[in-house]
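2 protein chains.
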Amino acid sequence: MPDDAQSAQLLKAQDRFIDAWGRMGSVWGISRTMAEVHALLFVTGEAMCMDELMDRLRISRGNASMSLRALLEWGVVSKTHKDGERRDFYTAEQDVWAMFRAILRERVKREVEPLLESLGEVRELNPSGGKNAPESARELDQRLEEVQEVFGLVASLGERFTGANGQGLKVAAKLLAKAPGGTRRKAKA
Amino acid sequence: MPDDAQSAQLLKAQDRFIDAWGRMGSVWGISRTMAEVHALLFVTGEAMCMDELMDRLRISRGNASMSLRALLEWGVVSKTHKDGERRDFYTAEQDVWAMFRAILRERVKREVEPLLESLGEVRELNPSGGKNAPESARELDQRLEEVQEVFGLVASLGERFTGANGQGLKVAAKLLAKAPGGTRRKAKA
DNA sequence: GCCAGATTTCAAGTTTTTCTGAAATCGGCG
DNA sequence: CGCCGATTTCAGAAAAACTTGAAATCTGGC
C-alpha cells in the first residue's frame with residue numbers, strides 16, 4: 023500500500039474513533055466537542071496547538087478554547103510547551119486507567135455529591151424527629167436515609183478508586199469482574 | 023403542630039426531594055420530568071394515576087405518558103390496578119438497591135456498550151495486522167485495545183452487579199468501601 | 001512599557017432536546 | 001358492536017444547550 027493511502031486510512035480510523043468518543047461524550051453529559059478534542063489528542067498521542075485542533079475538528083477558536091479549559095479541569099489534558107514556540111500545546115493523558123479515574127472522579131463530583139448534599143438538606147427540612155412526628159414524616163425520612171446510604175456508598179467507592187493510589191481500581195476491577203461466579207459470562211480479558 | 027401545617031411541611035419536603043432528584047436526572051442524561059415523576063412515586067410510596075402526577079408536577083398529559091413509559095422500560099416503575107378502577111396506576115420500586123441496579127444497568131447499556139461496539143469497528147477498519155503495517159497503525163490499534171480493555175471491564179462489572187443475584191452489589195460495595203486499606207483515608211462509614 | 005501573537009470572554013445565533021395539546025387509538029363493558 | 005373514559009402519538013412550540021466570531025484581555029520578548 024502506498025504511504026499516502028496508508029496515512030489516509032489512519033486518519034479515517036482516527037476520525038471514526040473521534041466520532042464515536044464524541045457521541046459518547048454527549049451521552050455522558052459533556053459537550054460533544056469537548057469529547058472530540060479529547061479524543062483527538064488521545065488517539066494521536068501528539069501535542070497540538072489550538073489551530074491544529076480547529077482545523078482538524080472544524081470548530082471555532084472560542085469553542086476550542088472552552089473545551090480545552092474544561093479538559094484541563096477534568097485533568098485529562100495538560101498544557102505543554104515546545105522549545106522556541108510561543109503558543110501553548112496540549113496533550114492528553116495517555117494512561118487509560120488514569121484517564122478513566124479522572125473521568126470517574128469528575129462524574130462522581132457532578133452526579134453524586136450534589137445529590138448527597140440535597141438529601142441532607144431535605145432531611146433537615148423534614149422534622150421527623152419530634153416526639154409526635156407523624157408517621158408520614160418518619161416514613162419519608164427513612165426513604166431518604168436509604169437513598170443517602172446507597173449513594174454515600176457509591177461516593178466512597180468512587181473516592182477509593184480515584185484517590186491516591188487509584189491503581190487499586192485496576193486490580194479490584196479485574197478481581198470483581200471475573201472471580202466469584204454469579205453470571206454466565208466467561209472471563210474476558 | 024396542627025395537622026394541616028404538618029402535611030404542608032411534608033409536601034414541601036417531598037417537593038424538595040423531587041426537585042433535587044429531577045435536577046440530578048438532567049445531569050444523568052434523562053429528562054428532568056422523567057426523574058421527577060420517578061421521584062414523586064418513590065418518595066410518596068403511593069400508587070398514583072396519571073392525573074395525580076399531572077396535577078402535582080404540573081406537566082402535560084403527553085409528557086406524563088412518555089415519562090411513565092420510559093420509567094417502565096427502565097424497570098423502576100410498574101403498573102398496578104385498583105379494584106374497580108378503570109385507569110392505570112403506577113408505583114415506584116421501593117427497594118433502593120434494586121432501583122440503583124436498574125439505573126446502573128440502563129446506564130451501562132447506554133454509556134458503555136455502544137462505545138465497545140464502535141471500538142470493535144474502528145479496530146477492524148484500521149489494518150494494523152499487515153506485515154508491513156506502519157508503526158502509526160500499530161500504535162493506534164494498541165491505544166484502542168487499551169480503551170476496549172478498560173471499558174470492557176467496566177461492562178463486566180456492571181453485568182455482575184446488575185444481573186441475577188444483584189444482591190451482591192450491596193455486599194461488594196460495603197466491603198470495598200471500607201475494607202482493605204490502600205489510601206490514606208481512614209474508614210468512613 | 002509596548003507590540004504582536006495568542007488566548008479568553010461573551011452576546012447573539014444555531015442546533016438539540018424537551019414539552020404541550022389535541023387528534024388518533026385503545027380497551028373494557030353493556 | 002358501539003360507547004366512553006383512558007392512554008398514546010406526534011407536529012409544532014418552547015426551553016435548554018452548544019457554537020460562533022469578534023472584541024477584550026493577556027503574555028513574553030525586546
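Chains A and B, in that order, are what the protein sequence lines are. With this note's numbering applied, the first sequence covers 23 to 211. With this note's numbering applied, the second sequence covers 23 to 211. No residue lacks a Cβ here, since even glycine has one placed at the ideal position from N, Cα and C.
Whole-angstrom distance between residue j and residue i, CA atom to CA atom
i        : j        : result
B:VAL140 : B:GLY44  : In the sequence on display, residue 140 of chain B carries Ser and not Val. Taking the straight line joining both Cα atoms gives about 31 Å.
B:CYS71  : B:SER48  : 24 Å
B:ARG88  : A:SER100 : For the record, residue 88 of chain B in the displayed sequence is Met; it is not Arg. Each residue's alpha carbon lies about 43 Å from the other.
A:GLU168 : B:SER158 : 51 Å
A:LEU94  : A:TRP50  : 17 Å
B:THR55  : B:VAL130 : 21 Å
A:GLU74  : A:ALA86  : 10 Å
B:LEU119 : A:ARG109 : Residue 119 of chain B is actually Trp in this sequence, not Leu. Roughly 51 Å between the two C-alpha positions.
B:MET46  : B:THR113 : 20 Å
A:ILE52  : A:ALA92  : 10 Å
A:GLU107 : B:GLY84  : 58 Å
A:THR102 : A:ASP26  : 30 Å
B:GLU146 : A:GLU171 : 44 Å
B:ASP41  : B:LEU79  : 10 Å
B:GLU128 : A:PHE111 : 38 Å
B:PRO156 : A:PHE64  : 19 Å
A:ASP117 : B:ASN154 : 27 Å
A:GLY142 : B:ASP37  : 14 Å
Status (buried if at least 16 other CB within 10 Å, exposed otherwise) for residue i
i        : result
A:LEU166 : buried
B:SER82  : exposed
A:ALA57  : buried
B:LEU179 : buried
A:ALA35  : buried
B:ALA30  : exposed
A:GLY203 : Bear in mind that the predicted position of A:GLY203 carries a pLDDT of just 48, short of 50, making it unreliable; the figure below should be weighed with that in mind. Exposed, by the Cβ-count rule.
Selected residue, minimal CA-CA separation from residue i, among the options
i        : options                                 : result
A:GLN28  : B:LEU175, B:LEU162 and B:GLU68          : B:LEU162
A:GLY174 : A:ARG91, A:ARG109, A:VAL134 and A:TRP96 : A:VAL134
A:ASP77  : A:MET46, A:GLY151 and A:LEU62           : A:LEU62
B:THR66  : B:PHE183, B:LEU32 and B:GLU128          : B:LEU32
B:PHE39  : A:ASN148, A:GLU68 and A:VAL59           : A:ASN148
A:GLU68  : A:ARG132, A:LYS104, A:ALA42 and A:ALA35 : A:LYS104
A:ARG123 : A:ARG132, A:TRP96 and A:GLY142          : A:TRP96
B:LEU90  : B:ARG80, B:PRO156, B:VAL59 and B:PRO24  : B:VAL59
Partner residues on chain B for residue i, Cβ-Cβ distance less than 8 Å
i        : result
A:ASN148 : GLN31, LEU32 and ALA35
A:MET70  : Ordered by position in chain B, no residue passes the 8 Å Cβ test against A:MET70, which lies about 16 Å from the chain.
A:GLU161 : GLY67
A:GLU6   : In the structure displayed, chain A extends from 23 to 211; residue 6 of chain A sits before or after that span and is not available.
A:VAL99  : Within chain B, no residue comes near A:VAL99; the closest Cβ sits about 15 Å away, beyond 8 Å.
A:TRP50  : GLY51 and GLU133
Residues of its chain near residue i, where Cβ-Cβ distance is below 7 Å and the 5 sequence neighbours each way are ignored
i        : result
A:VAL144 : LEU166
A:LEU126 : GLY180, PHE183 and THR184
A:ALA177 : VAL130, VAL134, GLU135 and LEU138
Chain A residues whose Cβ lies nearer than 7 Å to that of residue i
i        : result
B:GLN164 : In chain order: nothing, as chain A lies at least about 10 Å away.
B:SER158 : LEU32
B:PHE111 : What B:PHE111 touches in chain A: nothing, since even the nearest Cβ is about 19 Å away.
B:ARG127 : Per Cβ cutoff of 7 Å: no residues; B:ARG127 is ~12 Å from chain A at best.
Beta-carbon contacts of residue i that lie in its chain and below 6 Å, excluding the five residues immediately before and after
i        : result
B:SER150 : ALA159, ARG160 and ASP163
B:GLU115 : VAL98 and MET121
A:ALA211 : Unreliable placement is indicated for A:ALA211, whose pLDDT of 34 sits below 50; no coordinate value is reported for it.
Amino acids of chain B, ordered along the chain, whose beta-carbon sits closer than 9 Å to that of residue i
i       : result
A:MET46 : GLU133, VAL134, PRO136, LEU137 and SER140
A:ALA42 : PRO136, LEU137, GLU139, SER140, LEU141, GLU143 and VAL144
Residues near residue i by beta carbon distance below 8 Å, same chain, minus five either side
i        : result
B:ARG132 : GLY51
A:PRO24  : none
Listed by chain order, chain A residues near residue i by CB distance under 9 Å
i       : result
B:ARG38 : SER140, GLU143, VAL144, LEU147 and ASN148
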